[in-house]
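Asks:
Numbering (our numbering), first residue to last: 88 to 204.
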């Protein structure tokens with residue numbers, strides 16, 4: 088029978104795998120942000136499993152890794168909120184929620200040709 092640490096380890100690997108798939112396959116920036124969140128949650132779960140395995144039998148986990156995980160979760164939430172805010176700002180400025188495939192052509196050539204006349 089599978090122990091809880093093994094089950095959580097497999098769930099963490101699945102989250103990381105799904106997140107990597109989402110980053111590679113999805114072209115939309117919002118979906119990429121969500122995929123990065125999946126990767127982060129998988130890493131947090133791995134860290135929690137490692138912290139729990141190091142605890143003595145019958146006792147709770149070590150409080151230091153737990154505090155670090157809570158801090159990491161808060162930082163990840165703030166980074167996700169910032170990314171979504173930047174994406175909303177991009178949508179307000181350009182009307183699109185995606186980055187341009189190619190940067191717009193520089194108008195320097197047209198200005199140089201007009202200056203020669």
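Glycine residues also receive a C-beta, built at the ideal position from the N, C-alpha and C atoms.
1. Are residue 123 and residue 159 closer than 8 Å when you measure CB to CB?
2. For residue 185, I'd like the list of residues in its chain whose CB is within less than 8 Å of its CB, leaving aside the five on either flank, ordered along the chain.
3. With distances taken from CA atoms, which of 99, 162, 93 is nearest residue 125?
4. Give the secondary structure of residue 194 by DSSP, where H, G and I count as helix, E and B as strand, and everything else as coil.
5. Could you check if residue 102 is buried or exposed, using at least 16 other CB atoms within 10 Å of its CB as the buried criterion?
6. State the Cα-Cα distance for the pair residue 111 and residue 97, rounded to the nearest angstrom.
7. Compute the distance between the beta-carbons of residue 170 and residue 156, then report whether it is under 8 Å.
8. Measure the C-alpha to C-alpha separation of residue 127 and residue 194 and round it to an integer number of angstroms.
9. With C-beta atoms as the reference, is residue 37 less than 8 Å away from residue 181?
10. Taking Cβ to Cβ, would you say residue 81 is nearer than 8 Å to residue 118?
Replies: Considering the structure as presented:
1. no
2. 114, 115, 116
3. 99
4. coil
5. With 16 or more Cβ atoms within 10 Å of its Cβ, residue 102 is classed as buried.
6. 21 Å
7. Between residue 170 and residue 156, the CB-CB gap reaches or exceeds 8 Å.
8. 41 Å
9. Nothing about residue 37 can be read from this structure; the chain reaches only from 88 to 204.
10. The structure shown does not extend to residue 81, since the chain spans only 88 to 204, so no value can be given for it.
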